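Peer 1:
2 protein chains.
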Amino acid sequence: MASMSQSPVSVIEFATPFVVFLGDITAETYAKTGVGLIQWRPGECVGQMRLSSSTFDAGVPDVTAAAARAAGARSLIIGSAAVGGVVPAGWVPALCEAARAGLDIVAGMHGRLAALPGLAEAAAEGGARLIDVRVPPPGLPVGTGRKRTGRRVLTVGTDCACGKKYTALQLTADLNRAGVDATFRATGQTGIMIAGRGVPIDAVVSDFVTGAAEVLSPDAPAHHWDVIEGQGGLFHPGYLQVTVGLLVGSQPDAFVVCHDPLRTHIMSWPDFALPGVADVIERTVLIGRLTNPGIRCVGVSLNTSKIPAGERARLLARYAEESGVPCVDPLIDGTGAIVAEIRRRFSS
Amino acid sequence: MASMSQSPVSVIEFATPFVVFLGDITAETYAKTGVGLIQWRPGECVGQMRLSSSTFDAGVPDVTAAAARAAGARSLIIGSAAVGGVVPAGWVPALCEAARAGLDIVAGMHGRLAALPGLAEAAAEGGARLIDVRVPPPGLPVGTGRKRTGRRVLTVGTDCACGKKYTALQLTADLNRAGVDATFRATGQTGIMIAGRGVPIDAVVSDFVTGAAEVLSPDAPAHHWDVIEGQGGLFHPGYLQVTVGLLVGSQPDAFVVCHDPLRTHIMSWPDFALPGVADVIERTVLIGRLTNPGIRCVGVSLNTSKIPAGERARLLARYAEESGVPCVDPLIDGTGAIVAEIRRRFSS
Chain A
37 MASMSQSPVS VIEFATPFVV FLGDITAETY AKTGVGLIQW RPGECVGQMR
87 LSSSTFDAGV PDVTAAAARA AGARSLIIGS AAVGGVVPAG WVPALCEAAR
137 AGLDIVAGMH GRLAALPGLA EAAAEGGARL IDVRVPPPGL PVGTGRKRTG
187 RRVLTVGTDC ACGKKYTALQ LTADLNRAGV DATFRATGQT GIMIAGRGVP
237 IDAVVSDFVT GAAEVLSPDA PAHHWDVIEG QGGLFHPGYL QVTVGLLVGS
287 QPDAFVVCHD PLRTHIMSWP DFALPGVADV IERTVLIGRL TNPGIRCVGV
337 SLNTSKIPAG ERARLLARYA EESGVPCVDP LIDGTGAIVA EIRRRFSS
Chain B
37 MASMSQSPVS VIEFATPFVV FLGDITAETY AKTGVGLIQW RPGECVGQMR
87 LSSSTFDAGV PDVTAAAARA AGARSLIIGS AAVGGVVPAG WVPALCEAAR
137 AGLDIVAGMH GRLAALPGLA EAAAEGGARL IDVRVPPPGL PVGTGRKRTG
187 RRVLTVGTDC ACGKKYTALQ LTADLNRAGV DATFRATGQT GIMIAGRGVP
237 IDAVVSDFVT GAAEVLSPDA PAHHWDVIEG QGGLFHPGYL QVTVGLLVGS
287 QPDAFVVCHD PLRTHIMSWP DFALPGVADV IERTVLIGRL TNPGIRCVGV
337 SLNTSKIPAG ERARLLARYA EESGVPCVDP LIDGTGAIVA EIRRRFSS
């Protein structure tokens, strides 16, 4: 086991406003990060940079690197993914030009930005930083388990890719709208790009996962809520260790279970049946009690996009009744009902 | 979450026989690794290398690098730890000489061997490898949860440093002595040095911990037992994620709970009470069922070194009765009773 780290600790962080770089991708499928950024941080996006007119259009003004800089942009975020997950050679000249213009380059792809030919030199010339959001920050400590001030809610799920990030973002927005001071805490690359800061928790060395979660969500005022983006699943045969470390390090007071009601098994693990929402609630409480004995479920977030309109209300009602907490589809209903449950349970 | 790796996978491995390097330490306290190596692999140790006559004597012949090489040694293992966990400058010339003589250098200290002045060059000259056992091998995959052939027993514990490595080593020896084909699987630096191969599980990136455990203990003949060295503890606020990943990736048929009966709280975490043996059994079964529904406890391993002689037998009997499985102090009793329980439960 690692010894306690004495180094200064930090999270990944980049400056805004930003410009979204879309390269030459032609379909929205490959631009999820860019579309999410524009959706969740519209006020901080000065525009998009595209390599050709056939590139997918994210619906914001086209800008050059110089124009983006003049409009106040401080970062260029690669908001699209190429096949294979690496930056295509054809994108590199535009990225170099942006770095030379002084824009920090932010990416969540495989391979390090500094390895792209000429980019490190261009960044040095322009005084720009190269920020790989898949690379954990240095100096992460071992988890202490010490009780921190402020409140925390974590999104968990019956599987990967079932709405944990979206639910956390929506819940943060709805809490703030209701006058509750809340901060989204990102743990995955897309979340980090949307938040502008965070820790890629699945890339952290195992010994430091609880500590990374503690650093991500530090002491806060008593009525402040951190809304922490969950990862993986407690019944996931590949990733449950990430989920467990994030849960115990986050020491959440509350959690929301995200679930796709049509899924029958763990995605890409066909031999593993999907756990039920009740199983996840029970297991989350059991393990989460280690660092927060008061942990409780405050909501279920359901993906109802493929449920016939006539069955939706009945399905939500069934899950709400079975779990004893509000059940919403955050995309359709928002998370107001979960905000109300949080206020009721915690007098926030 | 990481995508499945396609790279070839491996574990850390080094060649034997070996010579133990003790540097200039003066007390056995700092030579635990070297002493353990000589204890567990006496037939493969050609001797010790000491920097001066005041260095602690591990009780094997003193040899020079050249003499060790002539005696067939293929590796030099740094078997002592200096204060601060780094290799002192005064040790480097002797290490360079050994590398130049063609001995692979094996170390488990902080900092990479290649960073020591002149050592990489010396190794290149002698055709020697530099092996940092704290650095995980490349190409580790994501855990699949696929059922593997052969049998597995994992040591778990109520805390860190309560006998998991020693118990696994003794159990491997006792199984083999009883005619059961068994292999020790190392997950920590000292264990890796003793076994000559393994994966430093706590240093693996979180996403790959279950996969690393799968690689460490591959398919085997039906009646073969892998005895896997446990890490951390399921109730440990800093390290439980390592323990969980190792448990689920190992998919053990059986486990042994290691426990220090005099400890009252998690070592170095005074705010966290030590769990009971029964708590650990229950939690291990609950989580381990995900990849092995038949998982069961087959023994309790107790550290009775500080228990008065007259109370020892009663204490062991009490733990055996409470847990329903044999309870031994492996240092005094060996693990024959646990071997018998394994044979009875699994017809091995």
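So the protein sequences, as listed, match chains A and B.
Using the numbering used here, read the first sequence as starting at 37 and increasing by one per residue.
Using the numbering used here, read the second sequence as starting at 37 and increasing by one per residue.
Cβ coordinates follow ideal geometry from the N, Cα and C atoms, glycine included.
Nothing here was measured: the structure is a model prediction, and the numbers come from that model.
If we call anything under 8 Å between Cβ atoms a contact, is Val169 of chain B one with Ala109 of chain B?
Peer 2: In this structure, Ala109 of chain B does not lie closer than 8 Å to Val169 of chain B by Cβ.
Peer 1: Using a threshold of 8 Å, state whether the C-beta atoms of Gln101 of chain A and Gly83 of chain A are closer than that.
Peer 2: Just to set this straight, residue 101 of chain A is Ala in the shown sequence, not Gln. In this structure, Gly83 of chain A does not lie closer than 8 Å to Ala101 of chain A by Cβ.
Peer 1: Kindly indicate the opening and closing residues of the alpha helix (DSSP H) around Val71 of chain A.
Peer 2: Where Val71 of chain A is concerned, the enclosing alpha helix (DSSP H) stretches over 68-76.
Peer 1: Under the three-state reduction of DSSP, which class applies to Ser337 of chain B: helix, strand or coil?
Peer 2: Of the three classes helix, strand and coil, the one that applies to Ser337 of chain B here is strand, per DSSP.
Peer 1: On the DSSP bridge list, what partners appear for Gly83 of chain A?
Peer 2: For Gly83 of chain A, which the question treats as bridged, DSSP gives the partners A:Val55.
Peer 1: Might you give, ordered along the chain, the residues of its own chain that have their beta carbon closer than 6 Å to the beta carbon of Glu49 of chain B, omitting 5 neighbours on each side?
Peer 2: Answer for Glu49 of chain B: Arg233, listed in chain order.
Peer 1: If the cut-off is 8 Å on Cβ atoms, which residues from the stretch 231-255 of chain B count as contacting chain A, listed in chain order?
Peer 2: Answer in chain order: Ile237, Asp238, Ala239, Val240, Val241, Ser242, Asp243, Val245, Thr246, Gly247.
Peer 1: Which partner residues of Ser90 of chain B appear in the DSSP bridge assignment?
Peer 2: Paired residues: none, contrary to the question.
Peer 1: Kindly indicate the opening and closing residues of the alpha helix (DSSP H) around Ser111 of chain B.
Peer 2: That residue, Ser111 of chain B, is in no alpha helix (DSSP H); its beta strand (DSSP E) goes 111-114.
Peer 1: Quick check on the burial criterion: 16 or more other C-beta atoms within 10 angstroms. Buried or exposed for Leu58 of chain A?
Peer 2: It is buried - the Cβ of Leu58 of chain A has at least 16 other Cβ atoms within 10 Å.
Peer 1: Taking Gly179 of chain B as the query, report the chain A residues whose CB atoms sit under 7 Å from its CB, ordered along the chain.
Peer 2: The answer, in chain order, is Pro273, Gly274.
Peer 1: For Leu190 of chain B, list the residues DSSP reports as bridge partners.
Peer 2: Answer is B:Ile264, B:Phe291.
Peer 1: Using 8 Å as the limit for Cβ to Cβ distance, is Gln277 of chain A near chain B?
Peer 2: So yes, Gln277 of chain A belongs to the interface.
Peer 1: Decide if Glu157 of chain B is buried, meaning its Cβ has at least 16 other Cβ atoms within 10 Å, or exposed.
Peer 2: Exposed.
Peer 1: List the residues of chain B that Trp305 of chain A touches, going by C-beta distances under 8 Å, in chain order.
Peer 2: The answer, in chain order, is Thr180, Gly181.
Peer 1: Within 8 Å (strictly less), CB to CB, does Gln42 of chain B reach chain A?
Peer 2: For Gln42 of chain B, the predicted model reports a pLDDT of 38, less than 50, meaning its position is unreliable and no value from the coordinates is stated.
Peer 1: List, in chain order, every chain A residue whose beta-carbon is nearer than 7 Å to that of Gly281 of chain B.
Peer 2: Residues of chain A passing the Cβ test: Ser242, Gln277.
Peer 1: Does the structure place the stretch 199-218 of chain B close enough to the stretch 314-332 of chain B that three or more beta carbon pairs sit under 8 Å?
Peer 2: Short answer: they don't touch.
Peer 1: Who are the neighbours of Val284 of chain B on chain A, taking C-beta pairs under 8 Å?
Peer 2: Those within 8 Å of Val284 of chain B in chain A are Pro273, Leu276, Gln277.
Peer 1: Which bits of chain B does Leu326 of chain A rub up against, with CB to CB less than 7 Å?
Peer 2: In chain order: Phe271, Pro273.
Peer 1: What residue ranges within the stretch 127-212 of chain A form continuous alpha helix (DSSP H) runs of no fewer than 4 residues, ordered along the chain?
Peer 2: Counting whole runs of 4 or more residues, the stretch 127-212 of chain A contains the alpha helix (DSSP H) stretches 128-136, 155-162.
Peer 1: List the residues of chain A that Phe308 of chain B touches, going by C-beta distances under 7 Å, in chain order.
Peer 2: The answer, in chain order, is Gly181.
Peer 1: Spatial neighbours of Leu149 of chain A within its chain, please: CB distance less than 7 Å, with the 5 preceding and 5 following residues excluded, ordered by chain position.
Peer 2: Once the five neighbours on either side are set aside, the close Cβ partners of Leu149 of chain A are Ile141, Ala143, Leu155, Leu166, Asp168.
Peer 1: Quick check: the stretch 196-209 of chain A against the stretch 177-187 of chain A, are there 3 or more CB pairs under 8 Å?
Peer 2: With the cut-off at 8 Å, the stretch 196-209 of chain A and the stretch 177-187 of chain A do not touch.
Peer 1: Output the residue ranges of the beta strand (DSSP E) runs that lie fully inside the stretch 216-291 of chain B and measure 3 residues or longer, sorted by chain position.
Peer 2: 218-221, 261-264, all fully within the stretch 216-291 of chain B.
Peer 1: Let's see if you can read the secondary structure: which residues bound the alpha helix (DSSP H) around Asp315 of chain A?
Peer 2: Segment 313-324, the alpha helix (DSSP H) holding Asp315 of chain A.
Peer 1: Over the uninterrupted alpha helix (DSSP H) stretch that includes Ala353 of chain B, give me the two end residues.
Peer 2: Here the alpha helix (DSSP H) through Ala353 of chain B covers 345-359.
Peer 1: Are the CB atoms of Thr208 of chain A and Gln267 of chain A nearer to each other than 8 Å?
Peer 2: No, the pair does not count as a contact, with Cβ atoms beyond the cut-off.
Peer 1: Among B:Ala309, B:Arg188, B:Gly163, B:Ser90, whose alpha-carbon lies nearest the alpha-carbon of Asp195 of chain B?
Peer 2: Taking only the C-alpha atoms, the option nearest Asp195 of chain B is B:Ala309.
Peer 1: Specify, as a first and last residue, the run of the beta strand (DSSP E) that Asp307 of chain B falls within.
Peer 2: Note, Asp307 of chain B: beta strand (DSSP E), 305-309.
Peer 1: Can you give the Cα-Cα distance for Arg332 of chain A and Gln287 of chain A, rounded to whole angstroms?
Peer 2: Each residue's Cα considered, the two are about 11 Å apart.
Peer 1: Counting only the same chain and skipping the five closest in sequence on each side, list residues whose C-beta sits under 7 Å from that of Glu80 of chain B.
Peer 2: Within the same chain, Glu80 of chain B has close Cβ partners Thr52, Pro53, Phe54.
Peer 1: Could you pull out every residue in the same chain whose Cβ sits closer than 7 Å to the Cβ of Ile374 of chain A, ignoring the five residues on either side in sequence?
Peer 2: The answer, listed in chain order, is Leu207, Val292, Val334, Gly335, Pro362, Val364.
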